[in-house]
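Just so you know, the sequence shown maps onto residues 528 to 661 in the numbering used here. The beta-carbon is built from N, C-alpha and C at its ideal position, and this holds for glycine as well. Notes follow the structure.
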Amino acid sequence: MSIETINAYYAAFNRGDREGMLALLTDDVVHDINQGGREIGKEAFRRFLAHMDRCYREELTDIVVMASPDGRRAAAEFIVNGTYLSTDEGLPPANGQTYRLPAGTFFELRDGKIARVTTYYNLKDWIAQVGGTA
Numbered sequence: 528m529s530i531e532t533i534n535a536y537y538a539a540f541n542r543g544d545r546e547g548m549l550a551l552l553t554d555d556v557v558h559d560i561n562q563g564g565r566e567i568g569k570e571a572f573r574r575f576l577a578h579m580d581r582c583y584r585e586e587l588t589d590i591v592v593m594a595s596p597d598g599r600r601a602a603a604e605f606i607v608n609g610t611y612l613s614t615d616e617g618l619p620p621a622n623g624q625t626y627r628l629p630a631g632t633f634f635e636l637r638d639g640k641i642a643r644v645t646t647y648y649n650l651k652d653w654i655a656q657v658g659g660t661a
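What follows is the structure in structure tokens.
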């Protein structure tokens, strides 16, 4: 079940189906943002997705999902293919730059839903790709 849940989450992401993504999360989902803070709850995750959609257009490819035998934890490795649409606070100015970035996410699952999302990528690499100083 865990691999199918994660695959459904990423399929919804790539379709731009934010409600489909949110439906796969627990109400008290924990979201650890790359080099950022921790947010808790589905509404906080909804706001995060809206922010990301305003600043970035992304598609994930080469997705590989792995899961623990008990199905309580999973991880995914993938490539983020994106376009920087609107300047994000504290980051270089946006002018439609494209980027290709390896990333990974760790998940905890509970009762068939995602209870934690922790994503990692190399921010210095991303900044260098969009023409900032790394």
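### Task
Going by CA-CA distance only, name the one from Val607, Ile590, Phe572, Gly598 that's closest to Tyr583.
Here residue 583 refers to the residue found at position 56 of the sequence shown. Ranked by Cα distance from Tyr583, the options Val607, Ile590, Phe572, Gly598 are led by Val607.
### Task
Could you say which of Gly568, Gly563, Thr532, Phe540 lies nearest to Leu551 if we only look at CA atoms?
The sequence position of residue 551 within the sequence shown is 24, counting from 1. Among Gly568, Gly563, Thr532, Phe540, the Cα nearest to that of Leu551 belongs to Thr532.
### Message
I need the straight-line Cα distance from Leu618 to Lys651, nearest angstrom please.
### Response
For this step, residue 618 is matched to residue 91 along the sequence shown. For this step, residue 651 is matched to residue 124 along the sequence shown. The alpha-carbon atoms of Leu618 and Lys651 are separated by roughly 11 Å.
### Message
Assess contact between the segment 561-580 and the segment 589-601, defined as three or more Cβ pairs (one per stretch) separated by less than 8 Å. Is contact present?
### Response
Not touching, per the Cβ criterion.
### Task
Look up Gly609 in the DSSP assignment and give the residues it is bridged to.
The residue you call residue 609 lines up with position 82 of the sequence shown. In DSSP, Gly609 forms a bridge with Glu585, Tyr626.
### Task
Look at the alpha carbon of Gly639 and the alpha carbon of Ser529, and state the distance between them as a whole number of angstroms.
In the sequence shown, counting from the first residue as 1, residue 639 sits at position 112. In the sequence shown, counting from the first residue as 1, residue 529 sits at position 2. A direct Cα-Cα distance of roughly 7 Å separates Gly639 from Ser529.
### Message
My output table needs one value for Asp555: the three-state DSSP class, helix, strand or coil.
### Response
Here the question's residue 555 lines up with position 28 in the sequence shown. Strand.
### Query
Span of the alpha helix (DSSP H) holding Ile567?
Counted from its first residue, the sequence shown places residue 567 at position 40. Run containing Ile567: none in the alpha helix (DSSP H); it sits in the beta strand (DSSP E), 565-567.
### Task
Please name the residue or residues paired with Glu604 in a DSSP beta bridge.
Along the sequence shown, one-based indexing puts residue 604 at 77. Answer is Val591, Gly631, bridged to Glu604.
### Task
Give every residue of the same chain whose Cβ lies closer than 7 Å to the Cβ of Arg637, excluding the five residues on either side of it in the sequence, and list them in chain order.
As a first step, residue 637 is located in the sequence shown; it is residue number 110 there, counting from the start. Thr553.
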